[in-house]
């Protein structure tokens, strides 16, 4: 007897197979009983009929509660009306375990309740769809860089220095004699990598101990961060666009079923083709002004301003050259206009906010040293970072793409918390 | 003028190109001067000859120190004696930056010095080779699971519970009101995932605050961890073997140049073909006894015992069924012999130690509850984990493969610290 996955039953039409899975629901209609099964690859209807199905299975039917784990044996039949195009005419059912009463009922639950039961909530078709899209987003991004000759270079998570102040850093004792901090970005390490390998990327978790409870923030989130030697702002603006296009194409190609399940308006995603919109910070200010939300030059955008700007466009918008004063010390100022940094943010459409941040890095030792002092950072901590400018400095640039916000956008999620298997928020560390 | 990468110059024979890279060394022979350049894709010799090369470049030559960043323009010439088969007949050289005196000289340096300069040490051909192999190991492992229908499910790093005691855990304050711990393994979360997706894996950093200074230990290391529903010990033993075979094949296929550079004895790697050796813990004890290193039944192997056992074989050896008393609470005991766990360790050959650990998980609620109590863990922390047994428990199994030890083995490294871009050790948190 072949044990087969639900997504492979099509190859066994007319044959007897066994499917191992979990009961999503059951119903009966007259003398016919139906079990709906899921196994992670799909769902299928199993039909129990007196005469075809053994007595043991017919008796078991009444005992079975949702999420009971079963081995269902029967004949594969083509059925146009069935979800996957096939059903099973059951001869036998064995239970691995008859489940207790499942806490997640088909009715509406509050978010707190679902988050407390994230380990079970993952079994819902909605979460199945979202996390499949996440898988594809990550793999498409990695493949994009692999195919272009980037070297994967994992950045460290534990770091000895605090790069952007300690207020939003998680810290831990490191063997009694010092503090270590959880990384907020692999960028500085990728810069070292770019000088060794030319083009590198990292993909891993990053951490922000930010006391913010918005729908766009997680305390633990994943980023993919490329860094390129002999590159300027223009180079990585093209790279950022090409990356997003590659991710969107792969999701559209392989995750149609998931997007439909999420009731995502796919036409909006199909519009995401190059070229994207490119505007300067100054032009973004003008858009805000026209929308009656004037902001003085030199101030950073908040979430609501990002939403206004991104709603102005039906595709991602690349915003370049923000005021240097609101950007990190490692950004290179525009030689033609020193009050702006050669930096880049990409806002997703439909109000999904910033999905990419990056820019060209300061490559002059003396200027960088000054900026480190101005930022009141410990020179000692950044000795190695300055070394990168002392020994063969070159123009270089890179960015970070936030995985969760990208997934939230593509899936059309209200809150970023559903875009990661086990979300960590200010008030959420369980399960 | 085409700007080309060194590994692509073959397509430009006879044409004038510009190569951007760093100077690894220079030499002169009579009136001819040579610059050796690297750009992350390879190395190439650039030849400066009076008459062919402009005066500016000939003057610049004398100023150039190692690691200076250069744009070298000239004609691509085939040359059998050259490392990559081509050289550049230089017309012009421009320096992005003339480097300071490079601290890493071609002479021998102590490990501490090299580790202090890890950000520069990465530029050496040896580190270039090792980290390319690492890239391939990770990608081959991920592709192996992707191709078999596993869903990528990133495990959280910050967790609220300490799964194996707090002594080897890094802890951090979580918004003032509680402690969070850095994950030692994604396994428990992967078990939740397997019940939702059937087959899942995670690949990410894990942490051990272990006070050990051996050549096999890092405080931060990467693991890839598959978990499979409806699977037993036998299933994942086959999966572990197939994974290692897939990794080895990909490394042999794509990283010959790197293995040669590392002077790795490739014949030893070519031997790594299925079937691997499979022995029980009891048989491993016998091997130790025969080697004059008797160990009482019930004790765990230390590094030196692992070395003795692994040296006994020219391929990886799978050791199953260790005493339950030395294994974690979540392991399922063998129903035919309750004093042993249905677990698995894989030792790499040549004394490289354990590269895989895993097994079949306890799937009975009552037994698991008891084991959690015996291990003196907080029942409350594991409520969600017990839920996985209450709602559709199934036989399931999985394992974790340590990336760094696998890389160290394949590259033939003395110490695992070279197998990760920025190693973290008890006494090492910089750069």
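Protein chains in written order, with our numbering: chain A, 904 to 1334; chain B, 904 to 1334. Just so it is clear, CB atoms sit at the ideal spot from N, CA and C, and this is done for glycine as well. Keep in mind it's a predicted model, so treat the numbers as computed, not measured.
For residue i, report the span of its beta strand (DSSP E) as first-last.
i, result
"residue 958(A)", "Premise fails: residue 958(A) lies in the alpha helix (DSSP H), 958-966, not in any beta strand (DSSP E)."
"residue 925(A)", "919-932"
"residue 1242(A)", "1240-1244"
"residue 1022(B)", "No beta strand (DSSP E) holds residue 1022(B); the alpha helix (DSSP H) holding it covers 1021-1024."
"residue 939(B)", "935-941"
"residue 1139(B)", "Run containing residue 1139(B): none in the beta strand (DSSP E); it sits in the alpha helix (DSSP H), 1136-1157."
"residue 1082(A)", "1081-1085"
"residue 1076(A)", "1074-1077"
"residue 951(B)", "946-952"
"residue 1132(A)", "1123-1132"
Counting only beta-carbon atoms, is residue i nearer than 7 Å to chain B?
i, result
"residue 956(A)", "no"
"residue 1022(A)", "yes"
"residue 1054(A)", "yes"
"residue 1078(A)", "yes"
"residue 1329(A)", "yes"
"residue 1075(A)", "yes"
"residue 1308(A)", "no"
Using a Cβ-Cβ cut-off of 7 Å, state whether residue i counts as contacting chain A.
i, result
"residue 1070(B)", "no"
"residue 1038(B)", "yes"
"residue 1050(B)", "no"
"residue 1263(B)", "no"
"residue 1356(B)", "Outside the shown range of chain B (904 to 1334) lies residue 1356(B), about which nothing can therefore be said."
"residue 1145(B)", "no"
"residue 1046(B)", "no"
"residue 1255(B)", "no"
"residue 1133(B)", "yes"
"residue 1287(B)", "yes"
List the residues of chain B whose Cβ lies closer than 9 Å to the Cβ of residue i, in chain order.
i, result
"residue 1299(A)", "Ordered by position in chain B, no residue passes the 9 Å Cβ test against residue 1299(A), which lies about 10 Å from the chain."
"residue 915(A)", "Neighbours of residue 915(A) on chain B: none; closest Cβ ~17 Å, over 9 Å."
"residue 1031(A)", "1054, 1099 and 1100"
Tell me residue i's beta-bridge partners as DSSP assigns them.
i, result
"residue 1253(B)", "According to DSSP, which records beta bridges pairwise, residue 1253(B) is partnered with nothing at all."
"residue 1260(A)", "1248(A) and 1303(A)"
"residue 1234(B)", "1264(B)"
"residue 909(A)", "DSSP, once it has assigned bridges, lists no residue as partnering residue 909(A)."
"residue 916(B)", "979(B)"
"residue 1062(B)", "1084(B)"
"residue 1056(A)", "None; residue 1056(A) has no bridge partner."
"residue 1110(A)", "1123(A)"
Could you pull the start and end residues of the alpha helix (DSSP H) that residue i belongs to?
i, result
"residue 1100(A)", "1090-1100"
"residue 1031(A)", "1028-1050"
"residue 991(A)", "Careful: residue 991(A) lies outside any alpha helix (DSSP H), inside the beta strand (DSSP E) at 989-1000."
"residue 1271(B)", "1268-1277"
"residue 1294(A)", "It is not in any alpha helix (DSSP H) - residue 1294(A) carries neither H nor E in the DSSP assignment."
Give the interface partners of residue i over in chain A, defined as CB-CB distance under 9 Å, in chain order.
i, result
"residue 1098(B)", "925, 943, 970, 972, 1022, 1023, 1025 and 1026"
"residue 1296(B)", "972, 999, 1000 and 1002"
"residue 1123(B)", "1059, 1060 and 1061"
"residue 1081(B)", "1332"
"residue 1041(B)", "1055 and 1057"
"residue 1114(B)", "1078"
Can you list the residues of chain A that residue i reaches, using a CB-CB cut of under 7 Å?
i, result
"residue 1290(B)", "1022 and 1023"
"residue 1232(B)", "Those do not exist, as residue 1232(B) stays about 17 Å from chain A at its closest Cβ, beyond 7 Å."
Mind pulling the chain B residues with CB within less than 7 Å of residue i?
i, result
"residue 1034(A)", "1054 and 1056"
"residue 1107(A)", "1107 and 1108"
Check the Cβ of residue i against every Cβ in chain B and list those closer than 8 Å, keeping chain order.
i, result
"residue 1324(A)", "1056, 1057, 1058, 1059, 1092 and 1096"
"residue 1293(A)", "1002 and 1003"
What residues from chain A crowd round residue i, counting only those whose CB sits closer than 8 Å?
i, result
"residue 1174(B)", "Going along chain A, no residue has its Cβ under 8 Å from residue 1174(B), so there is no contact; the nearest lies around 27 Å."
Item to complete: Write down every uninterrupted run of the alpha helix (DSSP H) in the region 1162-1230 of chain B whose length is 4 residues or greater and which is fully enclosed by it, in chain order.
Response: You should have 1169-1173, 1184-1193 and 1206-1214.
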